[in-house]
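Notes follow the structure.
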Amino acid sequence: MLRKLLIGTALATTFAFSAHAEDVKEVQMLHWWTSGGEAAALNVLKGDLAKEGYAWKDVPVAGGGGDAAMTALKAMVAAGNYPTASQMLGYTVLDYAAAGVMGDLTETAKKEGWDKSVPAALQKFSVYDGKWVAAPVNVHSVNWLWINKAVMDKIGGAEPKTFDDFVALLDKAKAAGVIPLALGGQNWQEATMFDSVVLSTGGPEFYKKAFNDLDDASLKSDTMKKSFDNLAKLVTYVDPNFSGRDWNLATAMVIKGDALVQVMGDWAKGEFHAANKTPGTDFLCYRFPGTDGSVIYNSDMFGMFNVPDDRKAAQVALATATLSKSFQSAFNVVKGSVPARTDVPDTDFDACGKKGIADLKAANDGGTLFGSLAQGYGAPPAVANAYKDVVSKFVHGQIKTSDEAVTELVKAIDDAK
């Protein structure tokens with residue numbers, strides 16, 4: 159659908175400009191980074207480009223999962239109004255590349271050796287038909303717990319290693335009168351948590367078969383049914399007002415001690431960082447119980463569009479700044495993620511960041527690095543959206559049982575393929 163919509167646009171859209179036109183010293187960026195931690199991270203890039211004389215034209219579209227931003231992007235591209243770049247997730251980059259509207263960063267990438275420093279898992283989504291069309295900004299992983307240490311100490315809790323351990327920990331928080339689990343009732347948040355539940359319940363090979371390979375037998379299995387049962391158990395520990403809550407407000411509940419734990423990707427750490435909280439002192443970061451040794455990842459990418467010649471210098475400057483070692487360190491320290499290149503030292507990262515970098519390397523080396531289905535790296539957008547819809551309906555009681563959830567999931571994914 160996107161390809162059909164945009165190919166016509168790409169062919170019909172022409173740009174008139176003088177061969178001697180002066181370069182436009184402005185970067186126009188569409189993104190959904192609107193929380194405090196995200197905005198602070200983005201300021202690192204704005205500052206780097208300002209030093210080179212480039213103005214920053216912000217096009218922020220609120221909504222932590224990026225769906226609203228992608229709707230806005232589709233309208234801009236259909237109108238021939240290409241941004242310099244847009245924040246994008248995996249398969250969406252490939253969709254726009256297939257539609258013929260992306261730029262070509264290959265010359266810059268070759269000059270700067272991106273192929274040697276960017277992990278192959280990210281190159282799969284930033285290179286199309288042999289051309290670099292996007293600059294990876296970071297690597298996020300979603301299978302994390304974020305815990306308020308004071309509350310943990312108060313209830314006498316310890317790091318949960320298994321799902322049953324996790325349930326017992328949540329029971330302790332509940333008995334102490336603390337909200338056990340901070341959750342925002344939006345489909346992408348619910349599905350992000352379910353990614354971790356499935357990995358914990360079925361193990362690495364099951365997760366890969368079900369959520370990366372879309373293996374029918376795995377999707378229909380008793381293990382998937384058990385995964386939905388485990389999700390239902392977790393939902394009993396959220397507060398009654400969770401529906402519609404933004405993810406960063408759920409993080410704030412943990413920061414303030416109103417809740418014990420949030421299951422969320424490591425962008426949550428950016429909120430702790432913005433609140434001047436320190437890992438080990440104010441908060442704890444653990445892998446979701448039962449997922450140690452594996453990483454479910456996504457990566458924010460700056461998809462670069464086929465802009466007129468007088469805007470290409472700004473685009474190259476943006477791409478170069480994005481993949482510089484200094485930016486990769488400074489940005490990801492603030493954002494909570496880890497660098498999108500493997501040769502950036504972990505010197506400036508806190509304990510959670512160091513663990514994230516080490517975990518990513520181990521998972522990449524060991525074959526346990528898996529794309530997040532909820533976050534656009536497990537399967538194309540139509541499948542991911544169908545998945546999020548089913549999970550959310552289950553969380554909110556529109557799908558009543560795990561048997562029904564499995565049936566609906568299989569049907570939704572089949573229809574979306």
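Sequential numbering of the sequence shown, starting at 159, is according to our numbering.
C-beta: ideal position from N, C-alpha, C; glycine also.
Fair warning: this is a prediction, and the values are worked out from it, not measured in the lab.
Measure the beta-carbon distance from residue i to residue j and round it to whole angstroms, keeping in mind my assumption that it falls under 8 Å.
i	j	result
MET462	GLY238	Actually they are not in contact, since the Cβ atoms of MET462 and GLY238 sit about 16 Å apart, beyond 8 Å.
THR264	LYS289	5 Å
VAL355	ASN306	The pair is not a contact, with the Cβ atoms about 21 Å apart (cut-off 8 Å).
GLY536	SER530	6 Å
GLN473	THR242	5 Å
LYS367	SER376	4 Å
VAL325	LEU418	VAL325 to LEU418, Cβ: 13 Å. No contact.
Helix, strand or coil: which one does DSSP assign to residue i?
i	result
GLY343	strand
ASP517	helix
PRO218	strand
LEU169	Per-residue confidence for LEU169 stands at a pLDDT of 42, beneath the threshold of 50, marking its modelled position as unreliable; no derived number is given.
ASP572	helix
GLY555	coil
MET459	strand
ALA331	helix
LYS268	helix
ALA417	strand
ALA174	Low confidence applies here, because ALA174 scores a pLDDT of 36, under 50, leaving its location unreliable and the question unanswered by this model.
GLU566	helix
PHE648	The question about residue 648 has no answer here: the residues shown for the chain are numbered 159 through 575.
LYS289	strand
LEU407	helix
LEU372	coil
TYR535	coil
PRO398	coil
VAL300	coil
VAL496	strand
PHE446	coil
ASN388	helix
PRO362	helix
Smallest Cα separation from residue i: which of the options?
i	options	result
TYR240	ASP374, GLN347, ALA230, TYR249	ALA230
MET382	LEU357, LEU392, VAL393	LEU357
TYR212	LYS575, ALA479, CYS510	ALA479
ALA563	ALA574, ASP573, LYS551, ASP572	LYS551
GLY314	TRP214, LYS330, PHE430	LYS330
GLY224	ALA542, LYS558, THR559	ALA542
VAL202	PHE528, LYS483, ALA509	LYS483
GLY438	ASP311, GLY205, LYS204, GLY258	ASP311
LYS204	MET411, VAL185, ALA255	VAL185
ALA570	ALA432, MET351, VAL549	VAL549
GLN533	THR350, ALA279, LEU207	THR350
Examine the Cβ distances between the segment 268-287 and the segment 452-466 and report whether three or more of them are shorter than 8 Å.
yes
Count the CB pairs spanning the segment 291-307 and the segment 487-502 that are closer than 8 Å, and state whether there are at least three.
yes
At 3 residues or longer, and completely inside the segment 177-265: list those beta strand (DSSP E) runs for me, N to C.
184-189, 213-218, 243-246
Quick one: any contact between the segment 343-354 and the segment 424-434, if contact means 3 or more CB pairs under 8 Å?
no
Within 8 Å, do at least three Cβ pairs link the segment 331-341 to the segment 387-405?
yes
Segment contact flag, the segment 300-314 with the segment 465-475, C-beta cutoff 8 Å, min 3 pairs:
no
Would you call the segment 384-394 in contact with the segment 268-280, where contact means no fewer than 3 C-beta pairs closer than 8 Å?
no
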